[in-house]
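Structure first, commentary second.
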Amino acid sequence: MDGAPCGAPRRKRFRTVTEANGFLNGRLLVVAFEGWNDAGEAATGAVGTLKDLLDVSPVAEIDPEIYFDYQFNRPTISAGGEDGRRKLEWPGAVLYGPTTPAKAGAPLADDAQLRVSGTNAGNIYLLLGTEPSRSWKGFAAEILDAALAADVGGIVFLGAMLADVPHTRPISIFVSSDNPQVRAELQVERSTYEGPVGILSVLAIAAEEVGIPTLSIWASVPHYVHNAPSPKAMLALINKLEEIIDVVIPRGDLVSEADEWQSGIDTLAAEDDEMAAYIGQLEQARDTVDSPEASGEAIAQEFEKYLRKRGDGRDGPGEGRPPTDSPRQP
1 MDGAPCGAPR RKRFRTVTEA NGFLNGRLLV VAFEGWNDAG EAATGAVGTL KDLLDVSPVA
61 EIDPEIYFDY QFNRPTISAG GEDGRRKLEW PGAVLYGPTT PAKAGAPLAD DAQLRVSGTN
121 AGNIYLLLGT EPSRSWKGFA AEILDAALAA DVGGIVFLGA MLADVPHTRP ISIFVSSDNP
181 QVRAELQVER STYEGPVGIL SVLAIAAEEV GIPTLSIWAS VPHYVHNAPS PKAMLALINK
241 LEEIIDVVIP RGDLVSEADE WQSGIDTLAA EDDEMAAYIG QLEQARDTVD SPEASGEAIA
301 QEFEKYLRKR GDGRDGPGEG RPPTDSPRQP
């Protein structure tokens, strides 16, 4: 990665959970990628919010020439600065680190609601980018070289999938880890998914292989609104992330934006009887599964119904089917 703290490859360096005395006690890297793993732009929106609130600066950057097909992930052009020059922005991935590592710092009174705070705030690194088009093994190696050079002790992956869920209910969040120590420490599950994956899974497996423990947080986004960003899903990811990594993250306008998003869909559904009926079915199914009286058999029946609907495998992630990188996706 351009600008990495150490120029030499560090792939042979390894870490263990005990080096950091627990997943939450060392430097944490929070990761999100545009593309297959980012329904409703929820994951990248959450990490982008952190980038704006944390005192971070670029530490390293991927060379896009190696990993991206520009006909698939095209560069964008925008008005540059005050001089009026237009600027090209290329797809890629950037690692951000705290300006003052390992020191949270008490926010000043006049910006107390504008900054991330808490004992862990100075330990948060961010990786924000676009899912690469090729050379995923080399891409993962570069990312982990930079993470090891920055002495990252744990990685949190944020993802979002399209799913058969109603927009009127709380966004479903699934937290998992392949690391037994992390599962024991945070009381989370292990994913049982088998099948095609996105870059998040590739990075997670590679990180565990070099001794960096990982955690994945996934949000379910209603598939019938897949063309629009979902601030409600973004908010749900931030809520869970705040809970897990022990920081306080200001929400800003995100709460009101989530309410407006839901109200907008309510308005559309009120004008479309078929859509309203479909949402009602999703609400009934969700309430049945979430009710205290729901038996294990009822939950299993709902899930089996979900599996049967996707048995032909014909729908793509952008056509209502959850991305198969989801921990719950069959």
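For the sequence shown, the residue numbers in UniProt numbering are 1 to 330. Ideal Cβ placement from N, Cα and C applies to all residues, glycine included.
Non-local C-beta neighbours of leucine 235 in its own chain, meaning closer than 6 Å and more than five positions away in sequence, comprise Leu254, Ala258, ordered along the chain. Boundaries of the alpha helix (DSSP H) around phenylalanine 139: 136–149.
Tyrosine 224 and alanine 140 have their C-alpha atoms some 33 Å from each other. Separation of lysine 51 and glycine 92 (C-alpha to C-alpha, rounded to the nearest whole angstrom) is 16 Å. In its chain, beyond the 5 residues on either side, Pro222, Ile279, Leu282, Glu283, Arg286 have a beta carbon closer than 7 Å to the beta carbon of proline 166. In the DSSP assignment, the residues bridged to serine 176 are Glu189, Ser216. Between leucine 186 and isoleucine 217, the C-beta gap is not smaller than 8 Å, which leaves the two residues out of contact. Between phenylalanine 157 and alanine 204, the C-beta spacing is below 8 Å. For glutamate 271, no alpha helix (DSSP H) encloses it, and the DSSP letter there is neither H nor E.
In this structure, aspartate 38 places its C-beta atom within 8 Å of the C-beta atom of alanine 160. In its chain, beyond the 5 residues on either side, Arg86 have a beta carbon closer than 7 Å to the beta carbon of alanine 79.
Assignment of beta-bridge partners to threonine 168 by DSSP yields no partner.
Contact between isoleucine 245 and leucine 29 is ruled out by a C-beta separation of about 11 Å, above the 8 Å threshold.
By the neighbour-count criterion, in which a residue is buried when 16 or more other Cβ atoms sit within 10 angstroms of its Cβ, asparagine 227 is exposed.
In the structure shown, arginine 27 adopts extended strand secondary structure according to DSSP, grouped into three states.
Taking a contact to require three or more Cβ pairs closer than 8 Å, the stretch 163–182 and the stretch 54–62 do not qualify as touching.
Nearest neighbour of valine 152 by Cα position, chosen from Asn123, Trp36, Leu237, turns out to be Asn123. Membership of leucine 162 in the beta strand (DSSP E) is indicated by the continuous run 152–163.
In the three-state reduction of the DSSP assignment, valine 56 falls in the strand class. Residue range 93–98 is occupied by the beta strand (DSSP E) that includes alanine 93. Shown here, aspartate 259 sits in a helix according to DSSP, grouped into three states.
Looking at the DSSP output, lysine 87 bridges to Ser78. A straight-line Cα-Cα distance of about 52 Å links alanine 146 and aspartate 273.
Here methionine 275 has Tyr224, Leu268, Ala269 as same chain residues with Cβ atoms under 8 Å from its own Cβ, once five neighbours each way along the sequence are excluded. One alpha carbon belongs to tryptophan 36, the other to arginine 169, and they sit about 24 Å apart. About 14 Å separates the beta carbon of tryptophan 136 from that of valine 31, a gap too long to meet the 8 Å contact definition. In the three-state reduction of the DSSP assignment, alanine 285 falls in the helix class. In the DSSP assignment, the residues bridged to leucine 128 are Ala32, Val94.
In terms of Cα proximity to proline 231, the closest of Gly26, Glu41, Leu24, Asn73 is Glu41.
Residue pairing by DSSP places aspartate 38 opposite Ala160 in a beta bridge. Closest by C-alpha distance to glycine 211, out of Leu148, Gly198, Ala163, is Leu148. When the Cα atoms are used, arginine 134 and valine 94 turn out to be separated by approximately 17 Å. Proline 250 is positioned such that its CB atom lies no closer than 8 Å to that of phenylalanine 23.
The DSSP-derived three-state label of valine 202 is helix.
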